[in-house]
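Chemist: Residue numbers (the numbering used here): 14 to 552. My questions will all concern the structure given below.
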Ligand code: FAD
Ligand code: SIN
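Right, dumping it as structure tokens:
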């Protein structure tokens, strides 16, 4: 199989880029791979909305930039922040033109929400299902482009580089180049070799590495693991954002239901098991302090009082407004017997967002030639040590656009030449010799449980050197066992995902061990203070 533009992932980053390159290059083939259905993405579950400077009377680019920098705790790349905030509004206008609908006030102005860390109302939203609406609009829009093909249920296993042509590739190799990918077609059960001119990784987050997460099952960090195996640069993986308020449902496994921060923006109050509105004790911004502060405060209250959750009190909120803004949450709560007008909602922190990822430059280029990355799998420098709420959909669109600009320029500069011509015959087919069908799925499922448990217990909101060391020792053993399994067993998505998640776990722990300070989302009681020295951890 061969294509001009290859995109791994059908969330906001992948679809935005695909639409743009396809429209600009109607004679080129644009191929999207997605590992389950096309809409099963982190994007679909985004609730709160997308941040942007919309109210020019009260808000300004400077204020949004400042809020982002404050949340990032000294580690944001200021140029990236400027780019995202200033270009973001144009990208939001585009998605509105493509059909996404955001809620409006009766006077026709957009209804703007507020979330933790934002000094102004600037969050555009579609009820409490903003991501679903944006994903819908994008999927509709790409249907109008005949040069885009979406192949669902296609699991990308690895990026093809010189390594697959038999060359020794290390981090120090100059000009590592991406020629395409090996992809497991889950319908035919065959691994195909896919050559591409330009490849974009838009594989999303890695919340599934933890036991409790707001992320759907697709969020296994595949893109980051693949880029790392291909010797690409990976940055700041220790900064895992825990959302303070996932619905606490004992006994329920898998993705935790999110109670959007916008509920606190509209007046919801956190209370501990004694009924105390405890956030007053932790931060002057109370319930709307940045997420790292709120999540740590909740963690502390839970440990202090020996409980597994705190409460979100919405009883004094305007119930008509609540139902109008948060119909999905209202319905979910009712389905488990909670009437938010009368009872408080049990909530606890859950792994939510990966601030680090594949290191990219201002045009979304990775350290590997012809390989771009955008969306949650990328580390652009926007979030620094902690992401400001509702900045990630914005970042994904801005950098999908920038990747498009650079990739199309590169494609046009190369017109006339067929990409990857000289290596067409040199790339080997996927080898299956020496592998057998998986006999014991329990080896995979049990290892996954172990991984999620150890990451939650030792590499969660509060870390210590001893916990990180213990996590690393366990990960080493799991890595060894899983690599052995990988060498001898036919490839399956479950095995590949486990392998990828162990790699991501390793990257998180290793980066955490390198950071001898507490900053933003990374809190280590052995180094409780922020260092004077500001550094990114690049592996
Ligand atoms: P995704 O939307 O996650 O898409 C990833 C794609 O990659 C999927 O299509 C998947 O199938 C594909 N893929 C992955 N690995 C492979 C592979 N090996 N082979 C083939 N395909 C693969 N952000 C905000 O800004 N505002 C919000 O209100 C907000 N709310 C959120 C609420 C929840 C519950 C969650 C989980 C996140 C929220 N976020 C929010 C974060 C935001 O939704 C994500 O960061 C963003 O949608 C990521 O988009 P993406 O395009 O990078 O990846
Ligand atoms: C939320 O709605 O609380 C999530 C927003 C985000 O993660 O940006």
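We treat Cβ as the ideally placed atom computed from N, Cα and C, and that holds for glycine.
Below 6 Å CB to CB, which residues in the same chain sit around residue 222 once its five sequence neighbours on both sides are set aside?
Modeler: On the chain shown, residue 222 is found 209 positions in, with the first residue counted as 1. Within the same chain, residue 222 has close Cβ partners 468, 514, 517 and 518.
Chemist: Leaving out five residues on either side along the sequence, give the residues of the same chain with a beta carbon under 7 Å from the beta carbon of residue 335.
Modeler: Your numbering for residue 335 matches position 322 in the chain shown. Contacts found: 327, 343 and 353.
Chemist: Indicate, with yes or no, if the ligand SIN has a heavy atom lying under 7 Å from the CB of residue 223.
Modeler: On the chain shown, residue 223 is found 210 positions in, with the first residue counted as 1. No, the ligand SIN has no heavy atom inside 7 Å of this Cβ.
Chemist: Report yes if the CB atom of residue 396 is closer than 8 Å to the CB atom of residue 89, and no otherwise.
Modeler: Here residue 396 refers to the residue found at position 383 of the chain shown. Here residue 89 refers to the residue found at position 76 of the chain shown. Yes.
Chemist: From residue 26 to residue 388, what does the alpha carbon distance come to, in whole angstroms?
Modeler: Counting from one through the chain shown, the residue named residue 26 turns up at place 13. Counting from one through the chain shown, the residue named residue 388 turns up at place 375. Distance between the alpha carbons of residue 26 and residue 388: 5 Å.
Chemist: Cα separation between residue 296 and residue 305?
Modeler: On the chain shown, position 283 is the one that residue 296 refers to. On the chain shown, position 292 is the one that residue 305 refers to. So the alpha carbons of these two residues sit roughly 11 Å apart.
Chemist: Could you please give me the residues that DSSP links to residue 459 through a beta bridge?
Modeler: As a working note, residue 459 is residue 446 in the chain shown. Residue pairing by DSSP places residue 459 opposite no residue, since no beta bridge is assigned to it.
Chemist: Is it true that the CB of residue 506 sits closer than 8 Å to the CB of residue 168?
Modeler: Counted from its first residue, the chain shown places residue 168 at position 155. Counted from its first residue, the chain shown places residue 506 at position 493. Cβ distance < 8 Å, so residue 168 and residue 506 count as in contact.
Chemist: Can you tell me whether residue 245 sits near the ligand FAD, meaning its C-beta is under 7 Å from at least one heavy atom of the ligand?
Modeler: Counting from 1 along the chain shown, the entry for residue 245 is found at position 232. No - the ligand FAD has no heavy atom lying nearer than 7 Å to the Cβ of residue 245.
Chemist: Taking a contact to mean a Cβ-Cβ separation below 8 Å, would you say residue 484 touches residue 499 in this structure?
Modeler: Residue mapping note: residue 484 aligns to position 471 of the chain shown, counting from 1. Residue mapping note: residue 499 aligns to position 486 of the chain shown, counting from 1. No, these two residues do not count as a Cβ contact at 8 Å.
Chemist: Tell me which residues share the same chain as residue 109 and place their Cβ nearer than 8 Å to its Cβ, disregarding the 5 neighbours each side in the sequence.
Modeler: Counting from one through the chain shown, the residue named residue 109 turns up at place 96. Correct list, in chain order: 115.
Chemist: Roughly how many angstroms separate the alpha carbons of residue 435 and residue 381, rounded to a whole number?
Modeler: Translated into positions along the chain shown, residue 435 becomes position 422. Translated into positions along the chain shown, residue 381 becomes position 368. With a pLDDT of only 48 at residue 435, under the threshold of 50, the placement of this residue in the model should not be trusted; the figure read from the coordinates follows. If I take the Cα positions, the gap works out to 19 Å.
Chemist: Find out if the Cβ-Cβ distance for the pair residue 443, residue 415 is shorter than 8 Å.
Modeler: Translated into positions along the chain shown, residue 443 becomes position 430. Translated into positions along the chain shown, residue 415 becomes position 402. No; because the gap between Cβ atoms is not below 8 Å, this pair is not in contact.
Chemist: Whole angstroms is fine: what's the gap from residue 192's alpha carbon to residue 358's?
Modeler: Position 179 of the chain shown, counting from 1, holds the residue named residue 192. Position 345 of the chain shown, counting from 1, holds the residue named residue 358. Those two C-alpha atoms are separated by around 50 Å.
Chemist: Given a cut-off of 8 Å on the beta-carbon distance, is the pair residue 17 and residue 42 in contact?
Modeler: As a first step, residue 17 is located in the chain shown; it is residue number 4 there, counting from the start. As a first step, residue 42 is located in the chain shown; it is residue number 29 there, counting from the start. Residue 42 sits close to residue 17, with the two beta carbons spaced by under 8 Å.
Chemist: Here's a check: name, in chain order, each residue in its chain whose Cβ is nearer than 7 Å to the Cβ of residue 57, leaving out the five neighbours to either side.
Modeler: Indexing the chain shown from 1 puts residue 57 at position 44. Excluding sequence neighbours, residue 57 sits near 144, 145 and 148.
Chemist: Considering only residues of the region 310-344, which uninterrupted beta strand (DSSP E) runs meet the minimum length of 3 residues and lie entirely inside it, listed in chain order?
Modeler: 323-326
Chemist: So what does DSSP say about residue 283, is it helix, strand or coil?
Modeler: Numbered from 1 along the chain shown, position 270 holds the residue referred to as residue 283. Residue state, collapsed to three classes: strand.
Chemist: What is the DSSP secondary structure of residue 536, counted as helix, strand or coil?
Modeler: Here residue 536 is taken as the residue at index 523 of the chain shown, counted from 1. Residue 536 falls in the coil class under three-state DSSP.
Chemist: Counting pairs of Cβ atoms below 8 Å between the region 267-281 and the region 212-232, do you hit three or more?
Modeler: yes
Chemist: I'd like to confirm something about residue 360: is its beta-carbon nearer than 7 Å to some heavy atom of the ligand FAD, or not?
Modeler: Counted from its first residue, the chain shown places residue 360 at position 347. Not so, every heavy atom of the ligand FAD lies at least 7 Å from the Cβ.
Chemist: Measuring alpha carbon to alpha carbon, tell me which of 61, 55 and 543 ends up nearest residue 279.
Modeler: Taking the chain shown and counting its residues from 1, the one referred to as residue 279 is at position 266. Residue 279 has its Cα closest to that of 61, out of 61, 55 and 543.
Chemist: In the DSSP assignment, what are the bridge partners of residue 167?
Modeler: Taking the chain shown and counting its residues from 1, one reaches residue 167 at position 154. Answer by DSSP bridge pairing, in chain order: 198.
Chemist: Near residue 459, which residues of its chain fall below 6 Å by C-beta distance, leaving aside the five closest residues on each side in sequence?
Modeler: The count along the chain shown starts at 1 and reaches residue 459 at position 446. Cβ within range, chain order: n/a, list empty.
Chemist: Have a look at 399, 412, 208 and 55 and flag the residue whose alpha-carbon is nearest the alpha-carbon of residue 130.
Modeler: Taking the chain shown and counting its residues from 1, the one referred to as residue 130 is at position 117. It is 399 whose Cα lies nearest to the Cα of residue 130.
Chemist: Just jot down, in chain order, the residues whose CB lies closer than 5 Å to any heavy atom of the ligand SIN.
Modeler: Any heavy atom of the ligand SIN counts here; residues with a Cβ closer than 5 Å to one of them, in chain order, are 60, 61, 273, 274, 402 and 403.
Chemist: What's the call for residue 39, buried or exposed, on a 16-neighbour Cβ count within 10 Å?
Modeler: In the chain shown, counting from the first residue as 1, residue 39 sits at position 26. Counting Cβ neighbours within 10 Å, residue 39 comes out exposed, since fewer than 16 surround it.
Chemist: Rounded to a whole number of angstroms, what is the C-alpha to C-alpha distance between residue 174 and residue 373?
Modeler: The sequence position of residue 174 within the chain shown is 161, counting from 1. The sequence position of residue 373 within the chain shown is 360, counting from 1. Residue 174 and residue 373: Cα-Cα distance of roughly 18 Å.
Chemist: What is the DSSP secondary structure of residue 210, counted as helix, strand or coil?
Modeler: Position 197 of the chain shown holds residue 210. Residue 210: strand per DSSP, three-state reduction.
Chemist: Nearest by alpha-carbon distance to residue 330: which of 309, 288 and 276 is it?
Modeler: For the purposes of this step, residue 330 is taken as residue 317 along the chain shown, with counting starting at 1. Closest by alpha carbon: 276.
Chemist: Under 7 Å: does the beta carbon of residue 235 sit that close to some heavy atom of the ligand FAD?
Modeler: Within the chain shown, the letter at position 222 stands for residue 235. When distances are taken from the beta-carbon of residue 235 to the heavy atoms of the ligand FAD, the shortest one is below 7 Å.
Chemist: Between which two residues does the beta strand (DSSP E) carrying residue 372 extend?
Modeler: Looking up residue 372 in the chain shown gives position 359. Here the beta strand (DSSP E) through residue 372 covers 370-372.
Chemist: When you compare each of 263, 272 and 310 to residue 285 by their alpha carbons, which one comes out closest?
Modeler: Here the question's residue 285 lines up with position 272 in the chain shown. When only C-alpha atoms are compared, the closest one is 310.
Chemist: Can you tell me whether residue 18 is helix, strand or coil according to DSSP?
Modeler: Along the chain shown, read from residue 1 onward, the residue named residue 18 stands at position 5. The answer is strand: DSSP assigns residue 18 an E or B state.
Chemist: Which runs of the beta strand (DSSP E) fall wholly inside the region 381-435 and span at least 3 residues, in chain order?
Modeler: 384-386
Chemist: Can you tell me whether residue 57 is helix, strand or coil according to DSSP?
Modeler: Taking the first residue of the chain shown as 1, we reach residue 57 at position 44. Helix, per DSSP.
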